[in-house]
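The end of the sequence shown is residue 566 by this note's numbering, with every number in the run present.
Where is the CB? At the ideal position from N, CA and C, for every residue including glycine.
Quick notes on the structure that follows.
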Amino acid sequence: MSACNAKAPEGAEAEGLETPTGKDGVSTAPLLDKIGSVNFPITTTSPRAQAYFNQAITLSYGFNHAEAARSFREAARLDPSCGICWWGVALVHGPNINKEMAPEDVPLAWEALGRATELRANESELEQALIDALDHRYSEDGDDRAAMDLDYAEVMADVAAEYPEDVHVQSLYAEAIMDTYPWDYWDDDGNPRARTPALVRALESVIAADPNHPGALHLYIHLMERFSPKLAEPAADRLGDLVPVAGHLVHMPSHIYLRVGRYHDAVIANEQAALADEDYISQCNAQGFYPAAYYPHNIHFLWYSAMMEGRLDLSVSSALKLREKVPLDMARQMGGIQVYLAVPAYTYVRFGMWQEALAIEEPPSGLIIATYMRHYARGMAFASLGNVQRATGELAAMNDIVAQGRFRAQMARQGDLGDQLASIAALLVKARIARADGSRDGEIEHLLQAVATQDSLPYAEPPHWHFPTRQALGAAYLAAGKPELAAAAFTEDLEYFPANGWSLQGLAEAQRALGIPSEETQAAAANAWRHSDIAPIAGSS
């Protein structure tokens with residue numbers, strides 16, 4: 026059954042239509058199949074309007090804001106007196122933790138809020154409070170975004186205090202807080218920022234009252250994934266099956282699974298999420314930010330999880346698929362998305378596929394990141410094959426791109442991230458050249474620098490760099506006859522990437538070299554590689 030199959034909500038038959046239609050007889054928005062069971066009661070006499078509102082709020086919980094807006098508008102069309110329906114339209118045109126408010130959204134949000142305000146008298150006290158709160162989030166010109174976001178969060182705190190038992194209000198309040206400092210809920214030592222305790226209380230209160238609330242589970246995963254992923258593991262286990270049509274919600278558990286070492290579960294979650302989004306995008310003709318960003322994110326996550334699991338074929342196929350899904354015009358403008366074009370090169374390096382790395386075609390003009398990472402993969406390949414001269418040439422090309430400021434310029438929105446990624450790539454090529462020259466000490470020195478640089482990267486899932494460089498460091502220590510240092514490197518890597526086979530295999534070999542073989546480590550390594558289609562690798566290729 027397709028994602029866009031229209032269905033009549035219970036009691037809707039009295040309204041006379043099985044498929045919602047506009048004045049021209051064409052459906053203005055689909056009622057999605059497998060949308061879950063969220064119920065956010067509103068003031069309306071139209072069961073169909075209520076069904077569309079429930080669908081819209083569910084879609085907003087899954088960050089599909091464009092489809093949510095379409096459903097909120099359909100609810101408003103079905104019940105022209107519904108002010109809270111227009112509140113919903115205004116809500117989803119605002120900012121979120123993954124996207125700043127776009128200039129084109131400002132008039133749309135302002136107009137929708139105006140219509141909600143005009144119909145405010147028709148609404149319940151709670152609905153009026155939500156409409157009034159949103160008035161603090163927007164202005165006609167959209168200026169002072171940060172101040173308005175903070176003002177909105179403070180007003181939503183009052184609404185949440187007035188309606189402590191309402192799980193939707195508490196979830197909306199939590200998201201309002203998160204939007205004021207996205208992805209910065211803890212300091213680098215894991216201590217909460219000033220507003221984080223209130224955020225934790227709000228989300229945990231919702232989950233205690235409604236353990237299957239998709240909005241709260243989604244936000245709680247994001248809140249806890251960096252420093253306390255185990256706390257959100259029960260949330261991850263529940264969320265994946267709640268809204269099968271919402272690919273992003275199906276995907277979200279993998280943010281926790283990757284952090285707790287459940288790589289196979291992360292693979293499964295993203296395979297299912299990609300299928301859900303492919304069905305939705307094709308059947309519903311979805312366009313805009315969601316299919317351009319969230320759908321490829323599923324494939325990106327699948328690729329990374331498959332590599333951690335040692336699944337070469339799935340890693341390669343996912344990498345090639347991801348590259349195909351990236352619009353080149355968008356990639357030229359957004360460095361964060363252009364990185365997707367480099368994942369085949371990353372994959373070939375990860376698995377030591379040197380001939381494939383050398384065969385990578387030169388990217389089209391204007392794709393600086395993809396071009397740089399092609400040089401990186403070729404430099405690694407040439408050095409691994411013993412051709413130091415050609416490897417040095419690739420490194421020189423990389424240095425030219427950085428010296429001209431082209432790499433940083435293409436990732437200007439990400440601050441120092443571009444410089445950091447370029448540095449890691451260059452250090453890895455230098456390390457591989459040093460190895461080819463017979464200098465294990467030189468290799469280790471460059472790898473130590475790469476590890477330090479990777480440790481300074483901002484948090485992201487999947488991580489910004491395509492593999493943990495400590496694994497390469499551990500492998501270099503092993504090859505240099507320093508098993509004690511190798512064991513330390515692999516153990517440190519396992520603290521952040523639990524149960525990964527690359528470091529478990531390396532640790533097992535280091536322990537054998539030290540004369541203290543561990544059956545427990547060997548069994549854990551064998552278990553970690555059980556889904557792999559290659560022989561176990563100690564650290565890196």
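Inset, instruction - Determine the direct distance from the alpha carbon of Phe-65 to that of Asp-304, and round the result to whole angstroms. - result: To locate residue 304, count along the sequence shown from 1; it is residue 279. To locate residue 65, count along the sequence shown from 1; it is residue 40. Straight-line spacing of the CA atoms in Asp-304 and Phe-65 works out to 26 Å.
Legend entry - For Asp-444 and Asn-123, the rounded distance between their alpha carbons: In the sequence shown, the residue the question calls residue 123 occupies position 98. In the sequence shown, the residue the question calls residue 444 occupies position 419. Their Cα atoms are separated by approximately 22 Å.
Legend entry - Neighbourhood of Phe-88 by C-beta, 6 Å cutoff - its chain only, sequence neighbours within 5 removed: Along the sequence shown, one-based indexing puts residue 88 at 63. Excluding residues within five positions, the ones whose Cβ falls inside 6 Å are His-273.
Inset, instruction - Might you give, ordered along the chain, the residues of its own chain that have their beta carbon closer than 7 Å to the beta carbon of Leu-446, omitting 5 neighbours on each side? - result: Here residue 446 refers to the residue found at position 421 when the sequence shown is read from its first residue. Excluding sequence neighbours, Leu-446 sits near His-489, Trp-490.
Legend entry - the stretch 323-337 / the stretch 365-379 touching (three or more Cβ pairs under 8 Å): yes
Legend entry - Continuous alpha helix (DSSP H) assignments of at least 4 residues falling wholly in the stretch 261-318: Secondary structure remark: continuous alpha helix (DSSP H) runs of at least 4 residues inside the stretch 261-318, in chain order: 272-276, 278-285, 288-309.
Legend entry - Proximal residues to Leu-197 (C-beta, below 7 Å), its chain only, five neighbours per side dropped: Position 172 of the sequence shown holds residue 197. For Leu-197, same chain residues with a beta-carbon under 7 Å away, outside a window of 5 residues either side, are Met-181 in chain order.
Legend entry - Whether Asp-302 touches Tyr-282 by CB criterion (7 Å): As a working mapping, residue 302 is identified with position 277 in the sequence shown. As a working mapping, residue 282 is identified with position 257 in the sequence shown. No, these two residues do not count as a Cβ contact at 7 Å.
Inset, instruction - In the DSSP assignment, find the unbroken alpha helix (DSSP H) run with Ala-475 in it and report its ends. - result: Here the question's residue 475 lines up with position 450 in the sequence shown. Taken as a continuous stretch (DSSP letters only), the alpha helix (DSSP H) holding Ala-475 covers 465-480.
Legend entry - Check whether Arg-140 and Ile-156 have beta carbons under 7 Å apart: Here residue 140 refers to the residue found at position 115 of the sequence shown. Here residue 156 refers to the residue found at position 131 of the sequence shown. It is not a contact, given that the beta carbons lie outside the stated cut-off.
Legend entry - Inter-residue Cα distance where the pair is Ala-91 and Asp-266: The count along the sequence shown starts at 1 and reaches residue 91 at position 66. The count along the sequence shown starts at 1 and reaches residue 266 at position 241. Taking the straight line joining both Cα atoms gives about 22 Å.
Legend entry - Per DSSP, cross-strand counterpart(s) of Pro-222: Walking along the sequence shown from the start, residue 222 turns up at place 197. Bridge partners of Pro-222: none, in fact.
Inset, instruction - Specify whether the stretch 342-350 and the stretch 498-507 touch according to this definition: at least 3 beta carbon pairs, one from each stretch, less than 8 Å apart. - result: The count of Cβ pairs closer than 8 Å, one atom from the stretch 342-350 and one from the stretch 498-507, stays below three, leaving the stretches out of contact.
Legend entry - Closest Cα partner of Ala-384 within the set His-400, Gly-240, Ile-394: For this step, residue 384 is matched to residue 359 along the sequence shown. The residue with the shortest Cα to Cα distance from Ala-384 is His-400.
Legend entry - For Tyr-177 and His-161, believed in contact at Cβ under 8 Å, the rounded distance: Stepping through the sequence shown from its first residue, residue 161 is reached at position 136. Stepping through the sequence shown from its first residue, residue 177 is reached at position 152. Between Tyr-177 and His-161 the Cβ distance is about 5 Å, and since that is below 8 Å, they are a contact.
Legend entry - Cross-strand partners of Pro-217 (DSSP beta bridge): As a first step, residue 217 is located in the sequence shown; it is residue number 192 there, counting from the start. For Pro-217, the beta-bridge partners assigned by DSSP are Trp-211.
Inset, instruction - State buried or exposed for Thr-70, treating a residue as buried only when at least 16 other CB atoms are found within 10 Å of its CB. - result: If you number the sequence shown from 1, residue 70 lands on position 45. It is exposed - the Cβ of Thr-70 has fewer than 16 other Cβ atoms within 10 Å.
Inset, instruction - Note down the Cα distance separating Glu-509 from Asp-58, rounded to an integer number of angstroms. - result: As a position in the sequence shown, residue 509 is number 484, starting the count at 1. As a position in the sequence shown, residue 58 is number 33, starting the count at 1. Between the alpha carbons of Glu-509 and Asp-58 lies a distance of about 56 Å.
Inset, instruction - Can you have a look at Ile-541 and say buried or exposed, based on whether 16 or more other CB atoms are within 10 angstroms of its CB? - result: Residue mapping note: residue 541 aligns to position 516 of the sequence shown, counting from 1. Looking at its Cβ environment, which holds fewer than 16 other Cβ atoms inside 10 Å, Ile-541 is exposed.
Legend entry - Among Ser-543, Pro-493, Lys-507, the one whose alpha carbon lies nearest that of Asn-525: Translated into positions along the sequence shown, residue 525 becomes position 500. For Asn-525, the nearest C-alpha among the options comes from Pro-493.
Legend entry - Cβ-based neighbour list, Leu-339, same chain, cut-off 6 Å, excluding 5 preceding and 5 following: Against the sequence shown, residue 339 aligns to sequence position 314. Only residues of its own chain outside the window of five on either side were considered, and among them Ala-331 have a CB closer than 6 Å to the CB of Leu-339, listed in chain order.
Legend entry - Counted within 10 angstroms of its Cβ, other Cβ atoms place Lys-255 as buried (16 or more) or exposed: For this step, residue 255 is matched to residue 230 along the sequence shown. By the neighbour-count rule (16 or more Cβ atoms within 10 Å), Lys-255 is not buried but exposed.
Legend entry - Host alpha helix (DSSP H) of Leu-57 (start-end): To locate residue 57, count along the sequence shown from 1; it is residue 32. Element bounds for Leu-57: n/a, residue is neither H nor E.
Inset, instruction - For Asp-209, count neighbouring C-beta atoms within 10 Å of its own C-beta (all shown protein chains included) and say buried if the count is 16 or more, exposed if not. - result: Here residue 209 corresponds to residue number 184 of the sequence shown, with the count starting at 1. So Asp-209 ends up on the exposed side.
Inset, instruction - Alpha carbon to alpha carbon, how far is Met-203 from Gln-530? Give it in angstroms, no decimals. - result: Counting from 1 along the sequence shown, the entry for residue 530 is found at position 505. Counting from 1 along the sequence shown, the entry for residue 203 is found at position 178. About 39 Å.
Inset, instruction - Pick helix, strand or coil for Lys-124, following the three-state DSSP scheme. - result: Locating residue 124 in the sequence shown gives position 99, counting from the first residue. Note: Lys-124 maps to strand in three-state DSSP.
Legend entry - Nearest-angstrom Cα separation, counted from Pro-483 out to Ser-52: Your numbering for residue 52 matches position 27 in the sequence shown. Your numbering for residue 483 matches position 458 in the sequence shown. Caution is warranted here: a pLDDT of 49 is assigned to Ser-52, below 50, making its placement in the model unreliable, and no coordinate value can be reported.
Inset, instruction - Using beta-carbon positions only, say whether Gln-496 and Asp-518 come within less than 7 Å of one another. - result: To locate residue 496, count along the sequence shown from 1; it is residue 471. To locate residue 518, count along the sequence shown from 1; it is residue 493. The criterion of a C-beta distance shorter than 7 Å is satisfied by Gln-496 and Asp-518.
Inset, instruction - Answer with buried or exposed for Ala-134, where buried requires no fewer than 16 other C-beta atoms within 10 angstroms of its C-beta. - result: In the sequence shown, the residue the question calls residue 134 occupies position 109. That one is buried.
Legend entry - Between the CA atoms of Gly-411 and Ala-291 - distance to the nearest angstrom: Residue numbering aside, residue 291 sits at position 266 when the sequence shown is read from its first letter. Residue numbering aside, residue 411 sits at position 386 when the sequence shown is read from its first letter. For Ala-291 and Gly-411, the distance between alpha carbons rounds to 37 Å.
Legend entry - Cα-Cα separation, His-238 to Ser-307: To locate residue 238, count along the sequence shown from 1; it is residue 213. To locate residue 307, count along the sequence shown from 1; it is residue 282. Each residue's alpha carbon lies about 27 Å from the other.
Legend entry - 6 Å CB neighbourhood of Ala-533 in its chain, flanking five on each side removed: Locating residue 533 in the sequence shown gives position 508, where the first residue counts as 1. Correct list, in chain order: Thr-546, Gln-547, Ala-550.
Legend entry - Length of the line joining the Cα atoms of Thr-46 and Pro-105: By one-based count along the sequence shown, residue 46 stands at place 21. By one-based count along the sequence shown, residue 105 stands at place 80. Confidence at Thr-46 is low in this model, with a pLDDT of 49, below 50, so its placement is unreliable and the value that follows should be read with caution. Taking the straight line from one Cα to the other gives about 15 Å.
Inset, instruction - Go through its chain and collect everything with a Cβ distance to Phe-97's Cβ below 6 Å, but skip five positions before and after it. - result: For the purposes of this step, residue 97 is identified with residue 72 of the sequence shown, where counting begins at 1. Cβ neighbours of Phe-97 beyond the five flanking positions: Ala-81, Cys-110, Gly-113, Val-114.
Legend entry - Distance between Gln-414 and Glu-250 (C-alpha atoms, nearest Å): Locating residue 250 in the sequence shown gives position 225, counting from the first residue. Locating residue 414 in the sequence shown gives position 389, counting from the first residue. The straight-line gap from Cα to Cα measures roughly 44 Å.
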